[in-house]
């Protein structure tokens, strides 16, 4: 495992050929994200505002999926943000996952840089995920609420545009 990314990193839209790898990466990261299968992944990508992968020397190093307001996404966390924002001018970050071999190499930061625009971003982090809470605080996200359901406590966070 290389300690740094190669010179051949690319961020590009997710395509159908990526779906199986994305599912595998997602399922390897269930401590921080909910489960997905191929059909659900394809559905998310189809309704996404942005659905991007970062390739490192041909391998998918990570991916990110954001959703715009008003899509038919069956998620209590998505609906929570729909009620929180008094505008339709925001995005919901559904998930960002970095492969185990690419963690701590700047992949998440690069993916965030690709999606951070002039709109507020809403996301949730499991309350026990201290590393993710610290990462998001360092990127300017602030806690705006808590959503507890089915024994899981979600810290609801928002980043406003600079």
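Residue numbers (our numbering): 343 to 504.
Cβ atoms here follow ideal geometry from the backbone N, Cα and C, with glycine treated the same way.
Residues in the same chain with beta-carbon distance under 6 Å from residue i, minus the five sequence neighbours each way, listed in chain order, please.
i, result
"residue 449", "396, 403, 404, 440"
"residue 434", "409, 420, 423, 464"
"residue 471", "374"
Pull up the CB-CB distance for residue i and residue j, whole angstroms please, since I reckon it's below 8 Å.
i, j, result
"residue 482", "residue 501", "5 Å"
On a CA-only basis, which of the options is nearest residue i? Give me that one, please.
i, options, result
"residue 373", "498, 467, 485", "467"
"residue 460", "430, 412, 353", "430"
"residue 387", "358, 418, 469, 399", "358"
"residue 356", "415, 490, 378, 390", "390"
"residue 446", "496, 416, 415, 474", "474"
Is the separation between the beta-carbon of residue i and that of residue j shorter than 8 Å?
i, j, result
"residue 498", "residue 488", "yes"
"residue 380", "residue 361", "yes"
"residue 399", "residue 350", "yes"
"residue 418", "residue 485", "no"
"residue 353", "residue 452", "yes"
Once the 5 residues before and after residue i are set aside, which same chain residues still bring their CB inside 8 Å of it?
i, result
"residue 343", "Note that residue 343 scores 44 on pLDDT, short of 50, meaning its location in the model is unreliable; the coordinates nonetheless yield the value given after this. Closer than 8 Å at Cβ, skipping near neighbours: 443."
"residue 457", "392, 394, 406, 408, 433, 435, 463"
"residue 382", "none"
For this session: Mind listing, in chain order, the continuous beta strand (DSSP E) runs of no fewer than 3 residues lying wholly within the stretch 376-455?
Result: 392-398, 401-409, 433-440
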